[in-house]
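Enquirer: Got a structure for you, questions after.
4 protein chains.
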Amino acid sequence: MIRVGVIGYGYWGPNLVRNFVECPDSDVVVVCDSNPARLALLQRRYPQVEVVQEVEALLQRADLDAVVIATPASTHFELAMRALKAGKHVLVEKPLTETSEQAQQLVAMARQQQRLLMVDHTFIFTPAVQRIKQLMDAGELGDAYYYDSVRVNLGLFQQDVNVIHDLAVHDFAILNYLFDAEFHTVSASGVSHVPGRAENMAFVTLYGKDRFIAHINVNWMAPVKVRRVMIGASRRMVVYDDIEATEKIRLYDAGVDLADEDPKQQAKLLYRMGDVLIPNLPAVEALAQMVSHFCRCIQDGQTPVTDGVFGQRVVTLLEGATQSMAAHGQPVTLRT
Amino acid sequence: MIRVGVIGYGYWGPNLVRNFVECPDSDVVVVCDSNPARLALLQRRYPQVEVVQEVEALLQRADLDAVVIATPASTHFELAMRALKAGKHVLVEKPLTETSEQAQQLVAMARQQQRLLMVDHTFIFTPAVQRIKQLMDAGELGDAYYYDSVRVNLGLFQQDVNVIHDLAVHDFAILNYLFDAEFHTVSASGVSHVPGRAENMAFVTLYGKDRFIAHINVNWMAPVKVRRVMIGASRRMVVYDDIEATEKIRLYDAGVDLADEDPKQQAKLLYRMGDVLIPNLPAVEALAQMVSHFCRCIQDGQTPVTDGVFGQRVVTLLEGATQSMAAHGQPVTLRT
Amino acid sequence: MIRVGVIGYGYWGPNLVRNFVECPDSDVVVVCDSNPARLALLQRRYPQVEVVQEVEALLQRADLDAVVIATPASTHFELAMRALKAGKHVLVEKPLTETSEQAQQLVAMARQQQRLLMVDHTFIFTPAVQRIKQLMDAGELGDAYYYDSVRVNLGLFQQDVNVIHDLAVHDFAILNYLFDAEFHTVSASGVSHVPGRAENMAFVTLYGKDRFIAHINVNWMAPVKVRRVMIGASRRMVVYDDIEATEKIRLYDAGVDLADEDPKQQAKLLYRMGDVLIPNLPAVEALAQMVSHFCRCIQDGQTPVTDGVFGQRVVTLLEGATQSMAAHGQPVTLRT
Amino acid sequence: MIRVGVIGYGYWGPNLVRNFVECPDSDVVVVCDSNPARLALLQRRYPQVEVVQEVEALLQRADLDAVVIATPASTHFELAMRALKAGKHVLVEKPLTETSEQAQQLVAMARQQQRLLMVDHTFIFTPAVQRIKQLMDAGELGDAYYYDSVRVNLGLFQQDVNVIHDLAVHDFAILNYLFDAEFHTVSASGVSHVPGRAENMAFVTLYGKDRFIAHINVNWMAPVKVRRVMIGASRRMVVYDDIEATEKIRLYDAGVDLADEDPKQQAKLLYRMGDVLIPNLPAVEALAQMVSHFCRCIQDGQTPVTDGVFGQRVVTLLEGATQSMAAHGQPVTLRT
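One line per chain: the protein sequences are Z, R, E and U, in this order.
Its first residue numbered 1, the first sequence is counted upward by one per residue in my numbering.
Its first residue numbered 1001, the second sequence is counted upward by one per residue in my numbering.
Its first residue numbered 2001, the third sequence is counted upward by one per residue in my numbering.
Its first residue numbered 3001, the fourth sequence is counted upward by one per residue in my numbering.
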């Protein structure tokens, strides 16, 4: 049984606590929040869980195996570092840190302490993304050509981070997971329509190996909600629409093939458009899968899918995209 | 009655001939094409129209008021220049020319010859774009914030031009028309997935005045056909979906407002989501409207909506976007 | 403060208890269920509520103003009758009773006891139905021509009642509410595909005054879930799609008009197709509205919208439709 | 080469002429229409085709193999009878005749004359219906449970026939083709909203063998156009949406299965919801397939799919449904 302490019971913390409580492999022992009203709410729901207001009171407990950090991104680095130094396994809300430099330090400390460091990139554990991954691994899609995502809606403008950190972060994680993508260059553009605020619209292009390209369109000021990803590949193409209640993935037997090349002239292209398949997906909660994965990795000594190195890559992309956006699309070289 | 000669009876020429034949203000006198098979096809359809194989034979005729050029883009400059010098009014297929320098020379020659120079940007004459223009002019949308277009499908890969020239050209024209847009910078990215071919996917960002931004996503290798534009503005927002048979425009009473500002803290945002209106659009053919507009402008001595200067601006954007795309998004300053 | 006792804590009872607990005008004093496990669940959630296993123990309490009955339909008549005789106001789950004869007796008893009798036809209190009612009352739709409903999905087959009782009952209530419909005849057809079970597919036609007609298609064995009602009328028509998350109502400025009549020949028809309006609907829970309405009617001595007479009409339609269905569509005259 | 004479060049005749002209197995020799303006139009299009105003002038020609009848339904019987007696093969627009008695006489005459009698039920030759037929014949759907069709739109009200003759006729033909349906009873309801006109809304239920049921909802006064058929079956279910441009058929791996029966209690039901498949359909014109089938059947001496007996069955259903509708759903026994 993994004994867990949770720091932060604000927006996302309650979801994490609920899932760790319901997970048969874990116990929530103590929750820390500086706001007494939040702790009172927690205690009405879970009278068995202890509460503390000071992080130190949580970290120094010897009876905890793991610490879960669900606080604002600006505090992740310090809290995760202290938890690792205290010898705890650590799960951090996304993004792992504010800078890739900080992420690297956490990865190094986790290695040194021989503790597990994992980031809560929940999307990776959705049935839709899992199914696409299976299709790719089985060769059903062939060679990947591109990833093209639109993730827009009306509100909520974040206070301190731009829309890339809020929405494109999901695509960066999915890209890492699906394509093991080694992007060498990023170009991003965007704008803020509210004086004094960070960018509320942004467009990011990532250049990968072998002509692979990814593009992400994120927007807090769209009249409709769209969550749609197209994946282009040589054998089959995918449209993944996360707004759909049940038909989230459509698999197209479509593509462009090169006809037998005539050396004297340009290759002729053949367009192929066949059946569409909508696979049935299991109805499971992604967050429960994530929590379960964290516990099993601790128990079995395995490396989590979204480990510190994974989280560091995402932070590197956030950093590069934000830097390019500030320079009107100026390409930025990524060191990954 | 405007007496018209048409150069080129390939892909688009037949549509132009049909509309000039049916327009009550014009007569098609002669058609030129180097391919006898095309001319034979024309004569079966319109026995009354003369045919010639040599451009010169058409241009030297004294009985023509106007010349319509529907040949590959690489020939536009030379043919339009000769027609203007011969004293004809000229209608050119989009894009006007290959370079903005050439476009400028045509504009100057048209002024000197006091002849009309117009570009066939058909989209401008669709009921949908016309309605959006009316809504903007009437102040129904308020201040424009952004234009975000997705224009993707499977095939047809063009032989000589990239996907920006084929598809984004429509958005460049619509942007010119709707927003009188003075864009100062462009950043574009893209890739070719077929060796030896031009880019088949591209993403273009245009930076305008007062935080206005435009983004265009074009792709010849998408599994589904999408033609969708979102227009963000302060009062109402628009979704324009050209795939829809009748419900092409949706008008959203939605937006983000700033609450009364408290000098001590950040402005608070209010999200507004109201009714949606789908206006009924007239069922008219855009190309017939374009042809009729060309004839009326000649008759009344008026400047066409899509005149040479308009066409030159579009060419400038094509040029800048292609240049930026070759440099991985490197921003390019536009001189418009 | 209305003091409430609830009989039945099975499928729907928990929703009623939750809403009566949250309603500022009511207190849930006691809940009765024959199953101790259900009562234990209730007590974990609401330690302040008393529990009893025998109905009599609830009905004889002098401190209750109202009794809410959420038990199987076959028990409604007896329980409601006892509660009314005990001098309580009564809210009954739909349908009110198994036979219209029983419904009539309850209505009479409620009058005699001067107590309120209301049926929980929740759909009447949805924002969508409320908005359609407002549009009709304001004359926005003109004269009503028809109501055409499709309400189909896969499962759940009910054990004891046919699909009309499960699904068409909602349409019967909506028809009563929107059109104050006095139907004179019903014809219904249907079939059971599972041996020994009641009909799982049914089609009901109701004939009203002045050529008004209603049709209802219900099915437990459809591959997709559909909840779609079309309302035809002289000025505007409505499509009400309850599956849509936010755009539940579409208002069409469409119809058929008679041109000026020429006495010598048949009237000419003019088809009108104009704008479509999608009104924004408030996000309120229908059941909370229903509970609040029940409490206010008791406090103010008003007649509820879905009173006993309303419930009786619905039962009359269920009875007639089931009778016609057993005779392959044989029309049945309705005495309402 | 089949030499064809066509009677009637009004609404549908031009489509038939065009397809017989383009069919490599047939020649259109002569066309008959009482209206000279229609004949003039034909001659501009097809100068090689002869024209006559009198039917007799066409029927007495010895150089015709087949006669195609595209006139109002009230004239079908007499014209087809004369053509058969003149020894011609005959293709008649749907419906074959006004009464099943007439249809029977035509079938008998065709047998006597050893000539082919076929009805133009075009829908049978669409790629969508063909594909569904293949799926059924291959056992992919299992046992058929029901056919449920909605076929509604705004206009055009027919002058002389009710909406069943205009729209449900397509479903009657499809039912005949797909299920070889032997329906024993029909119940129909409907109404006319325009004084002096036939019914513009109708609902038809057909009862078949083994619990198979069909339902058809047709309407000339709907605010939206719907053409949607659901087919319920034991293995897979189909949704056939004819409005969709390319994705007309969706194949659902969904259904209801009976669990192992426990003799002591009611059978338990298992709900199954799996993948959805959207087959790619060839882009062929149904009418061209129909014309080609007619010619091949003449050449090879085969019986057409939509022969006289087929057409007679459709007329029997039209007759029965109209009779039941006049009696408010009173069931009518079908003698087929």
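Glycine included, C-beta positions come from ideal geometry on N, C-alpha and C.
Since the model is a prediction, treat every value here as computed from it, not as a measurement.
What do you get for I132(Z), buried or exposed, if any count of 16 or more other CB atoms within 10 angstroms of its CB means buried?
Expert: buried
Enquirer: In chain order, what are the residue ranges of uninterrupted alpha helix (DSSP H) at least 4 long that sit wholly in the segment 2008-2088 of chain E?
Expert: 2013-2022, 2036-2045, 2055-2059 and 2076-2085
Enquirer: Could you give the distance in angstroms between the alpha-carbon of T1122(R) and the alpha-carbon of D1027(R)?
Expert: 20 Å
Enquirer: I want to see whether chain E comes within less than 8 Å of M1230(R), judged by CB atoms only; does it?
Expert: no
Enquirer: Using 10 angstroms around the beta-carbon of G1139(R), count the other beta-carbons present and answer buried if the total reaches 16, otherwise exposed.
Expert: exposed
Enquirer: Note down, in chain order, each residue of its chain lying with its Cβ closer than 8 Å to the Cβ of D2166(E), except the 5 sequence neighbours on either side.
Expert: Its chain contains Q2158, V2218 and W2220 as the residues whose beta carbon lies nearer than 8 Å to that of D2166(E), once the 5 sequence neighbours on both sides are disregarded; these appear in chain order.
Enquirer: Is there a C-beta anywhere in chain E that falls below 8 Å from the one on D1242(R)?
Expert: no
Enquirer: Which residues, in order along the segment 1134-1165 of chain R, keep a beta-carbon less than 9 Å from a beta-carbon of chain Z?
Expert: Y1145, Y1146, D1148, V1150, V1152, L1154, G1155, L1156, F1157 and Q1159
Enquirer: Helix or strand or just coil, what does DSSP make of T333(Z)?
Expert: strand
Enquirer: Could you tell me whether the Cβ of G2329(E) comes closer than 8 Å to any Cβ of chain U?
Expert: yes
Enquirer: Mind listing, in chain order, the continuous beta strand (DSSP E) runs of no fewer than 3 residues lying wholly within the segment 157-200 of chain Z?
Expert: 185-191
Enquirer: Going by CA-CA distance only, name the one from L2287(E), V2194(E), S2192(E) and K2094(E) that's closest to A2168(E).
Expert: For the residues L2287(E), V2194(E), S2192(E) and K2094(E), the minimum Cα distance to A2168(E) belongs to K2094(E).
Enquirer: Would you kindly work out how many angstroms separate the C-alpha atoms of F3183(U) and V3030(U), rounded to a whole number?
Expert: Between the alpha carbons of F3183(U) and V3030(U) lies a gap of roughly 40 Å.
Enquirer: In chain R, which residues lie less than 8 Å from Y207(Z) when you measure between Cβ atoms?
Expert: Chain R residues near Y207(Z): S1189, V1191 and H1328.
Enquirer: Roughly how far, in whole angstroms, is the beta-carbon of V3238(U) from the beta-carbon of L3141(U), given that I think they are within contact range, below 8 Å?
Expert: 7 Å
Enquirer: With 7 Å as the limit, tell me which residues of the segment 3273-3287 of chain U have their beta carbon closer than that to any beta carbon of chain Z; keep them in chain order.
Expert: In summary, the residues of the segment 3273-3287 of chain U whose CB is separated from some CB of chain Z by less than 7 Å are M3273, G3274, D3275, V3276, L3277, I3278, P3279 and N3280, in the order they occur in the chain.
Enquirer: Going along the chain, which residues of its own chain have a beta-carbon closer than 6 Å to the beta-carbon of M1273(R), five neighbours each way excluded?
Expert: Result list for M1273(R): A1254, in chain order.
Enquirer: Which same chain residues, not among the five before or five after F2310(E), have their C-beta less than 7 Å away from its C-beta?
Expert: V2119 and N2176
Enquirer: Compare the C-beta of M1221(R) with all C-beta atoms of chain Z and state if any pair is closer than 8 Å.
Expert: The beta carbon of M1221(R) sits closer than 8 Å to some beta carbon of chain Z.
Enquirer: Does DSSP put M1(Z) in a helix, a strand or coil?
Expert: Here M1(Z) sits in coil by DSSP.
Enquirer: Is it true that the CB of F1203(R) sits closer than 8 Å to the CB of S1189(R)?
Expert: Yes, these two residues count as a Cβ contact at 8 Å.
Enquirer: For T97(Z), count neighbouring Cβ atoms within 10 angstroms of its own Cβ and tell me buried if that reaches 16, exposed if not.
Expert: buried
Enquirer: Output, in chain order, the set of chain E residues within a Cβ distance shorter than 9 Å of E1247(R).
Expert: V2276
Enquirer: Rounded to the nearest angstrom, what separates H89(Z) and Q43(Z) at their Cα positions?
Expert: Spanning the alpha carbons of H89(Z) and Q43(Z) requires a straight line of approximately 25 Å.
Enquirer: Does the CB of M1237(R) have a neighbour CB from chain Z at under 8 Å?
Expert: yes
Enquirer: Applying a beta-carbon distance threshold of less than 7 Å, which residues of chain R neighbour T185(Z)?
Expert: H1328
Enquirer: Which whole runs of the beta strand (DSSP E) in the segment 204-232 of chain Z are 3 residues long or more, in chain order?
Expert: Listed in chain order, the beta strand (DSSP E) runs fully inside the segment 204-232 of chain Z are 213-219, counting runs of at least 3 residues.
Enquirer: Using 8 Å as the threshold, is the C-beta distance between I2231(E) and P2279(E) below it?
Expert: no
Enquirer: With a cut-off of 8 Å on the beta carbons, I'd call G1008(R) and V1186(R) a contact; round off their distance for me.
Expert: Actually they do not touch by this definition, with Cβ atoms about 30 Å apart.
Enquirer: What residue range does the beta strand (DSSP E) around I1249(R) cover?
Expert: I1249 to L1258
Enquirer: Between the Cα of Q3053(U) and those of V3256(U), P3036(U), R3003(U) and N3153(U), spot the shortest distance and give me the residue it belongs to.
Expert: P3036(U)
Enquirer: Tell me whether the beta-carbon of V2004(E) lies closer than 8 Å to the beta-carbon of L2064(E).
Expert: yes
Enquirer: Name the chain Z residues whose beta carbon is nearer than 7 Å to that of A1254(R)?
Expert: L154 and P223
Enquirer: Can you pull the DSSP bridge partners for M2118(E)?
Expert: L2091(E) and D2307(E)
Enquirer: With distance defined between alpha-carbon atoms, name the residue in A83(Z), V129(Z), F125(Z) and I124(Z) nearest to V107(Z).
Expert: A83(Z)
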